[in-house]
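Novice: Shown below is the structure under consideration.
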Amino acid sequence: MPHPTRLLTNDGSHTLHSERYGQTYHSTFGAVTEAQHVFLNAAGVNERLQLGKPTRILEIGFGLGLNALLSLEQACQCKTHLEYHAYEHALVPAAAIEALNYASLVATPTLHEQLLQAVDQAHQLMSAQNAAGIESLPANPADVGNTAVMHTHTAKLNEFATLTLHLGDATTQHLNTTHNHPFHAIYLDAFSPDANAECWSPEFMRNLASVLDNAGKLSTYSAKGDVRRAMLAAQLCVEKRPGPPGKREFLVASYRCVSLE
Ligand SMILES: C[S@@+](CC[C@H](N)C(=O)[O-])C[C@H]1O[C@@H](n2cnc3c(N)ncnc32)[C@H](O)[C@@H]1O
47 MPHPTRLLTN
57 DGSHTLHSER
67 YGQTYHSTFG
77 AVTEAQHVFL
87 NAAGVNERLQ
97 LGKPTRILEI
107 GFGLGLNALL
117 SLEQACQCKT
127 HLEYHAYEHA
137 LVPAAAIEAL
147 NYASLVATPT
157 LHEQLLQAVD
167 QAHQLMSAQN
177 AAGIESLPAN
187 PADVGNTAVM
197 HTHTAKLNEF
207 ATLTLHLGDA
217 TTQHLNTTHN
227 HPFHAIYLDA
237 FSPDANAECW
247 SPEFMRNLAS
257 VLDNAGKLST
267 YSAKGDVRRA
277 MLAAQLCVEK
287 RPGPPGKREF
297 LVASYRCVSL
307 E
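Residues 47 to 307, numbered by my numbering, are exactly what the sequence shown covers, in order.
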């Protein structure tokens, strides 16, 4: 199958267009700029890693692996452990990601290659299990309560960076039974609420809040009123922050109220 056409965003980094959702995977004003501003900085990941604090990240929507790559690279640069868990229900083939200019974004030799290998292995595992009609077994016995079983693949990329891909619909999972430890940062990076409604519902927001560390932050590029209300309904405090280029505002939620609105 031909790869989707690469698009060059305003900061020189690539993205792709999703036929299924009719949207690009990142802001056309700058894919890396958006990732750094909305996710790594706003969710406190850059700061935690710079302070040498071992960190756990949960991402909804692995997509082209850009947030993952930048976060894992930061962990390597800071020599601090990062466990990165990402949910994805339509994994883009590694070859299509390889065709983007993401390898040039990282200084850690082989990190991008290892991420691609992890994506490829996850694809192969899923295809083999599907072909054999085998449902992957839950990694955690508590997962038997979940409504759909995920294909899960963990790759230790190096001494500091571990990537776990959970392949399937994130919204079918009781996240706090799958994950025994809370997350310091949650990147909610599904497609927009209009096109990808299941990932923005009050119910799913409560599910995400159930695995957010008391001092953790959940960030997302959307500033929609419905998203903000879903966060509030999940007992989170919500901050509106100035957005990256092309976006007026975005949301960061946490259990610690910085400013009450
Ligand atoms: C905006 S893109 C994510 C970009 C990505 N974070 C990156 O850094 O490249 C949204 C992704 O969410 C995935 N997605 C949408 N709904 C989902 C669901 N219910 N469960 C898991 N993944 C989902 C899509 O397939 C798509 O890959």
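We put the CB at the ideal spot given by N, CA and C, even for glycine.
Model, not experiment: these values are computed from the prediction.
Alpha carbon to alpha carbon, how far is ALA185 from HIS220?
Specialist: For the purposes of this step, residue 185 is taken as the residue at position 139 of the sequence shown. For the purposes of this step, residue 220 is taken as the residue at position 174 of the sequence shown. Here the model assigns ALA185 a pLDDT of 44, short of 50, so the residue's position is not dependable and the matter cannot be decided.
Novice: Please indicate yes or no: does the CB of CYS71 lie closer than 7 Å to some heavy atom of ligand 1?
Specialist: As a position in the sequence shown, residue 71 is number 25, starting the count at 1. The sequence shown places Tyr at residue 71, not Cys. Checking every heavy atom of ligand 1 against the Cβ of TYR71, one is found closer than 7 Å.
Novice: Residues in the same chain with beta-carbon distance under 6 Å from HIS127, minus the five sequence neighbours each way, listed in chain order, please.
Specialist: Here residue 127 corresponds to residue number 81 of the sequence shown, with the count starting at 1. Once the five neighbours on either side are set aside, the close Cβ partners of HIS127 are PRO100, PHE206.
Novice: Under the three-state reduction of DSSP, which class applies to ALA164: helix, strand or coil?
Specialist: As a working note, residue 164 is residue 118 in the sequence shown. Three-state DSSP puts ALA164 in a helix.
Novice: Look at the Cβ atom of GLU80, then the Cβ atom of PRO290, and state whether they are nearer than 8 Å.
Specialist: The sequence position of residue 80 within the sequence shown is 34, counting from 1. The sequence position of residue 290 within the sequence shown is 244, counting from 1. Yes. Within cutoff.
Novice: Can you look up ASN260 in the DSSP assignment and give me helix, strand or coil?
Specialist: If you number the sequence shown from 1, residue 260 lands on position 214. Here ASN260 sits in strand by DSSP.
Novice: For the candidate residues LEU297, THR223, PRO228, whose alpha-carbon lies nearest to that of ALA269?
Specialist: Indexing the sequence shown from 1 puts residue 269 at position 223. Among LEU297, THR223, PRO228, the Cα nearest to that of ALA269 belongs to LEU297.
Novice: Tell me whether the beta-carbon of GLU295 lies closer than 8 Å to the beta-carbon of ARG287.
Specialist: Looking up residue 295 in the sequence shown gives position 249. Looking up residue 287 in the sequence shown gives position 241. Contact: yes.
Novice: Touching or not, the stretch 250–267 and the stretch 210–226, by the rule of three or more beta carbon pairs under 8 Å?
Specialist: With the cut-off at 8 Å, the stretch 250–267 and the stretch 210–226 touch.
Novice: Would GLY98 pass as a contact of CYS122 if the rule is Cβ separation under 8 Å?
Specialist: Taking the first residue of the sequence shown as position 1, residue 98 is located at position 52. Taking the first residue of the sequence shown as position 1, residue 122 is located at position 76. It is not a contact, given that the beta carbons lie outside the stated cut-off.
Novice: Is it right to say LEU234 is buried, meaning 16 or more other beta carbons lie within 10 angstroms of its own, or is it exposed?
Specialist: Residue numbering aside, residue 234 sits at position 188 when the sequence shown is read from its first letter. Buried, since its Cβ has 16 or more Cβ neighbours within 10 Å.
Novice: Whose C-beta lies closer than 6 Å to the C-beta of LEU53 among residues of the same chain, with five residues either side of it excluded?
Specialist: Position 7 of the sequence shown, counting from 1, holds the residue named residue 53. Within the same chain, LEU53 has close Cβ partners THR61.
Novice: With hydrogens ignored, establish whether the beta-carbon of TYR148 is closer than 7 Å to any heavy atom of ligand 1.
Specialist: Residue numbering aside, residue 148 sits at position 102 when the sequence shown is read from its first letter. For ligand 1, not one heavy atom lies less than 7 Å from the Cβ of TYR148.
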